[in-house]
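Quick note: the sequence shown, position 137, residue 442 per the working numbering, numbers continuous. Here is the structure we will look at.
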Amino acid sequence: MRYSPPPDRRLSQQVSRGEPLPDCRPVRTWRIPLAGIHPQVRIAHHLPGPGALARRIIFDHEFILSLDGEGEVFIGHGRHCYGPGSLVLIPPFTPHHQIRTGRPGDHIAVHFDWAPGLPPQRDPSRRPAHDVVVVDGLPSPGFWPQVGADILEHFRRVVALQGSADPADRLRQIVHMQRLTLALRHLVASPDGSDPVLAQRLQPALDLIHHRYDQPLMVTGLARACGLSRSRFADCFRDWAGCPVAVYLRRYRIERVRELLLGDDRPLADIASACGFADAFHLSKVFHRFDGRSPSAFRAEARSQGQVQAF
């Protein structure tokens, strides 16, 4: 496809105003070999959080390393439970958002390009939708449930060197980015965290969740269905799903809510009752925590784009 750069920052302004996300399909994809990466860091900082993050896109690549806190991050069509030491790689123009399900904490964020001139626009806000693929590199998007102290130290050094005017420090920062990339290649990125053996053991509880989500469900009853004690069931479920059973149940209910919001114009109170929520207010509160927007905003955005939005 012929590449033609945008004449202004309208795309960036549209996103910053919180308007419905634009068409994010890349108009061009670059491929570079692993040996050719020369990461150019644009932003590297240590910030408080993470907390709720409204659905958005970015115009470059971003690593987010959680130093503390717990929650869920949604990237494209995937979702993951994060905790201390979890790492996310978000590619450009990939819709994503996050919620906090536990205590707050700090995180490190690094925005970067894999190599100079890819893409050619130095100003990210002027970039059209694109993708840069590193052959034999990292999965993109990528999620690592736990990284080691060596990778954490590389990220700390990248942050410490940011903003230095010394060309040697810029080179050191690039080397740390290259080294952490090589270290991540030896870790197993987690696409969904499923374990077939645990899933079989937990199947009675999963059947109840998937078919009776509109009814009150207690952890004790789910554990009894699997023939396990409450504590043993909770541990097994967290090992399988990567999050507590209560979070999984809320997440599954919200998934059904999304389907109903996109299916017809039924009132929110009816959808709340059909998906196990006390009332429309309760549903709206939980939905906003998970999605970063109200149910009505989700429905309006999805319909304005003329497509069903799967998460």
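Yeah, the Cβ is synthetic: ideal placement off N, Cα and C, and Gly gets one too. Fair warning: this is a prediction, and the values are worked out from it, not measured in the lab.
Take residue i and list the residues in its own chain whose beta-carbon comes closer than 8 Å to its own, dropping the five residues that flank it on each side.
{"i": "arginine 535", "result": "Val524, Thr525, Ala528"}
{"i": "proline 521", "result": "Gly581"}
{"i": "arginine 384", "result": "Glu377, Val378, Arg556, Phe616"}
{"i": "arginine 440", "result": "The sequence given here places valine at residue 440; arginine does not occur at that position. Same-chain partners within the cutoff: Arg336, Ile337, Pro338, Leu339."}
{"i": "valine 438", "result": "Thr334, Trp335, Arg336, Ile337, Ser445"}
{"i": "glycine 422", "result": "none"}
{"i": "leucine 588", "result": "Val562, Leu573, Ile576, Ala577, Cys580, Phe582, Pro600"}
{"i": "alanine 551", "result": "Val524"}
In terms of residues, what are the limits of the beta strand (DSSP E) holding residue i?
{"i": "cysteine 386", "result": "383-387"}
{"i": "proline 651", "result": "Lying before the first or after the last residue shown, residue 651 is absent from the chain, which here runs from 306 to 616."}
{"i": "leucine 372", "result": "Premise fails: leucine 372 is in no beta strand (DSSP E) and is neither H nor E."}
{"i": "proline 353", "result": "345-353"}
{"i": "isoleucine 395", "result": "392-395"}
{"i": "arginine 405", "result": "401-405"}
Over what stretch of residues does the alpha helix (DSSP H) that includes residue i continue unbroken?
{"i": "histidine 593", "result": "585-596"}
{"i": "glycine 568", "result": "550-568"}
{"i": "aspartate 540", "result": "535-546"}
{"i": "glutamine 508", "result": "508-516"}
{"i": "serine 578", "result": "573-579"}
{"i": "arginine 529", "result": "524-530"}
Excluding sequence positions up to five away, which residues of its chain have a Cβ less than 6 Å from the Cβ of residue i?
{"i": "glutamine 467", "result": "Ala349"}
{"i": "alanine 602", "result": "none"}
{"i": "arginine 604", "result": "Leu566"}
{"i": "aspartate 558", "result": "For clarity, residue 558 is arginine in the given sequence; the question names aspartate instead. The residues are Tyr518, Cys580, Gly581."}
{"i": "proline 509", "result": "Ala530, Cys531"}
{"i": "valine 452", "result": "Gly390, Leu392"}
{"i": "histidine 351", "result": "Ile413, Val464"}
{"i": "glycine 442", "result": "Leu339"}
Kindly give me the distance between the Cβ atoms of residue i and residue j, rounded to whole angstroms, as I take these residues to be in contact under 8 Å.
{"i": "phenylalanine 364", "j": "serine 430", "result": "6 Å"}
{"i": "phenylalanine 417", "j": "proline 331", "result": "Incorrect: roughly 18 Å between the Cβ atoms, too far for contact."}
{"i": "glutamine 478", "j": "valine 346", "result": "6 Å"}
{"i": "phenylalanine 460", "j": "leucine 485", "result": "7 Å"}
{"i": "serine 391", "j": "proline 450", "result": "6 Å"}
{"i": "glycine 410", "j": "aspartate 373", "result": "3 Å"}
{"i": "valine 415", "j": "valine 463", "result": "6 Å"}
{"i": "isoleucine 424", "j": "isoleucine 362", "result": "Checking the sequence shown, residue 424 turns out to be proline, not isoleucine. Actually they do not touch by this definition, with Cβ atoms about 15 Å apart."}
{"i": "histidine 412", "j": "isoleucine 369", "result": "6 Å"}
{"i": "aspartate 512", "j": "alanine 488", "result": "About 40 Å separates the two Cβ atoms, so there is no contact after all."}
{"i": "alanine 420", "j": "histidine 343", "result": "5 Å"}
{"i": "proline 554", "j": "isoleucine 514", "result": "Residue identity differs from the one stated: residue 554 is leucine in this sequence, not proline. Confirmed, Cβ separation roughly 6 Å."}
Might you give, ordered along the chain, the residues of its own chain that have their beta carbon closer than 7 Å to the beta carbon of residue i, omitting 5 neighbours on each side?
{"i": "alanine 574", "result": "Asp584, Ala585"}
{"i": "aspartate 474", "result": "Leu466"}
{"i": "histidine 593", "result": "Ser599"}
{"i": "proline 396", "result": "His366, Asp436, Ser445, Pro446"}
{"i": "glycine 568", "result": "none"}
{"i": "leucine 507", "result": "Cys531, Cys541, Phe542, Trp545"}
{"i": "isoleucine 404", "result": "Ala357, Gly376, Glu377, Arg594, Phe595"}
Name, in chain order, the residues that DSSP records as bridge partners for residue i.
{"i": "isoleucine 362", "result": "BP columns for isoleucine 362 are empty, so no partner."}
{"i": "alanine 414", "result": "His350, Ile369"}
{"i": "isoleucine 380", "result": "Gly383, His401"}
So is the beta-carbon of residue i under 8 Å away from any non-hydrogen atom of the ligand NAP?
{"i": "aspartate 512", "result": "The ligand content of the structure shown is nil, which means the ligand NAP is not present either."}
(request) Could you name each continuous alpha helix (DSSP H) segment of 4 residues or more that falls completely within the stretch 416-499, going from the start of the chain to the end? (result) You should have 454-466, 472-490.
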